[in-house]
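Numbering (the numbering used here), first residue to last: 90 to 445.
Spelled out as structure tokens, the structure:
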């Protein structure tokens, strides 16, 4: 398979920002960190979702592939997350699969998006309907992160835009320097707009009420967030190079980085505090060093091919256990047809053409 290095680089950029954002979240709320985190949250997950939509296809086996490649990895790593929490804290949540483990909502949402895509593609104006649904779901106050419903619906327009972008990218091709200038200006302005707000608004997982907004204010801000996410994807597509860079390998191994970095950003701070080095997080300079070194170390280790092979082997093992092999189904069908034909031939007393 010939890889598109531009999208590998974009995926690599997205996974770096995901890891960076999570490491920053583990530190105290310094102003610099708040600014960076707000800026990152404006476009890092939209970029991931846009790329997922771009590489999604509609085929007879779409649902089966979504089950094998997305839902089973979700089950595997959600189970591992549940076990890790149990081993460390001794707690087992009653909603352990209904509410996805830390950061794993994306896999569950991706499964829903790809499963529903063949039906969605048949709906006229589905992109605009998806935006209306994303705005409306914020008016409903339900259990936060339940089956990742809110994020699934809110980010669905970004996924759809990525899917349709294959046929639209020539219309959205601009000068990369102009795109870079517009991108920086847009993100800087939006960061100033959302800095006074809670970061929860950008996560799109809570209702307007739970983020301390009225419905009208919430709808307007959510519409701005969706617009920023989609426009940022277009601009980054024009900015990113198609040559091999340090981002390429991270993009190619992004799944293993995504599902495994969660353990580092969660338990590394606890280990540091347990060892008596809590002063690291109380110092602005040491916190910066921790975030930079932690992000660099995790990205380097988890982007190794051997880690990706191990993750794929684990997923493949579970797939073999849970999913029937297509070749076995075909062989069983052929054997059944042969048995039926033999039975018919015997009943019709056509033994002169029947060979054992």
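Idealized CB from N, CA, C, for every residue including glycine.
- For residue 154, the enclosing alpha helix (DSSP H) stretches over residues 151 to 155.
- Residues of the same chain with a CB within less than 7 Å of the CB of residue 98, apart from the 5 flanking positions on each side, are 329, 330, 334, 336, 337, 340 in chain order.
- Judged by their CB atoms, residue 380 and residue 116 are nearer to each other than the 8 Å cut-off.
- Of the residues assessed, residue 350 falls on the buried side of the cut-off, its CB having 16 or more other CB atoms within 10 angstroms.
- Counting only residues of its own chain and dropping the five nearest sequence neighbours on each side, residue 404 has a CB closer than 7 Å to the CB of 161, 162, 165.
- In this structure, the CA atom of residue 282 is about 28 Å from the CA atom of residue 141.
- About 17 Å separates the beta carbons of residue 297 and residue 241, which is beyond the 8 Å limit, so they are not a contact pair.
- Each residue's CA atom was taken as its position, placing residue 114 and residue 126 some 8 Å apart.
- Spanning the alpha carbons of residue 187 and residue 236 requires a straight line of approximately 5 Å.
- Ranked by how close their Cα comes to the Cα of residue 301, the residues 294, 311, 193, 290 have 290 in first place.
- Boundaries of the alpha helix (DSSP H) around residue 311: 304 to 328.
- With a threshold of 16 other beta carbon atoms within 10 Å, residue 363 falls short and is exposed.
- Residue 305 and residue 177 have their C-alpha atoms roughly 43 Å apart.
- Of all C-beta pairs linking the segment 259 to 273 to the segment 216 to 228, fewer than three are shorter than 8 Å, placing the two stretches out of contact.
- Here residue 126 carries a helix assignment [DSSP, helix/strand/coil].
- Counted as a single uninterrupted DSSP element, the alpha helix (DSSP H) harbouring residue 97 occupies residues 94 to 114.
- In summary, residue 246 is buried, with 16 or more beta-carbon neighbours lying within 10 Å of its beta-carbon over all protein chains present.
- The beta-carbon separation of residue 343 and residue 101, rounded to 7 Å, stays under the 8 Å limit for a contact.
- Nearest Cα to residue 272 within the set 318, 371, 412: 318.
- Sequence-distant Cβ neighbours of residue 192 in its own chain, meaning closer than 6 Å and more than five residues away, are 351.
- In the structure shown, residue 362 falls within a helical segment according to DSSP collapsed to helix, strand and coil.
- When the beta-carbon positions are compared, residue 346 and residue 138 stay at least 8 Å from each other.
- Of 95, 274, 120, 133, the smallest CA-CA separation from residue 108 is found for 133.
- Where residue 134 is concerned, the enclosing alpha helix (DSSP H) starts and stops at 133 to 143.
- By the beta-carbon neighbour count (other beta carbons within 10 angstroms, threshold 16), residue 277 is exposed.
- With a threshold of 16 other beta carbon atoms within 10 Å, residue 398 falls short and is exposed.
- By the CB criterion at 8 Å, residue 244 and residue 293 fall inside the cutoff.
- Measuring C-alpha to C-alpha distances from residue 96 to each of 382, 144, 373, 121 identifies 144 as the nearest.
- Rounded to whole angstroms, the Cβ separation of residue 112 and residue 354 is 5 Å, and the two are in contact under 8 Å.
- The Cβ atoms of residue 210 and residue 171 lie no closer than 8 Å to each other.
- For residue 376, the enclosing alpha helix (DSSP H) begins and ends at 373 to 391.
- The beta carbons of residue 369 and residue 360 sit about 11 Å from each other, so the pair does not count as a contact at 8 Å.
- Close CB contacts of residue 204 within its chain, under the 6 Å cut and outside five residues either way in sequence, are with 152, 155 (chain order).
- Residues of the same chain with a CB within less than 6 Å of the CB of residue 130, apart from the 5 flanking positions on each side, are 291 in chain order.
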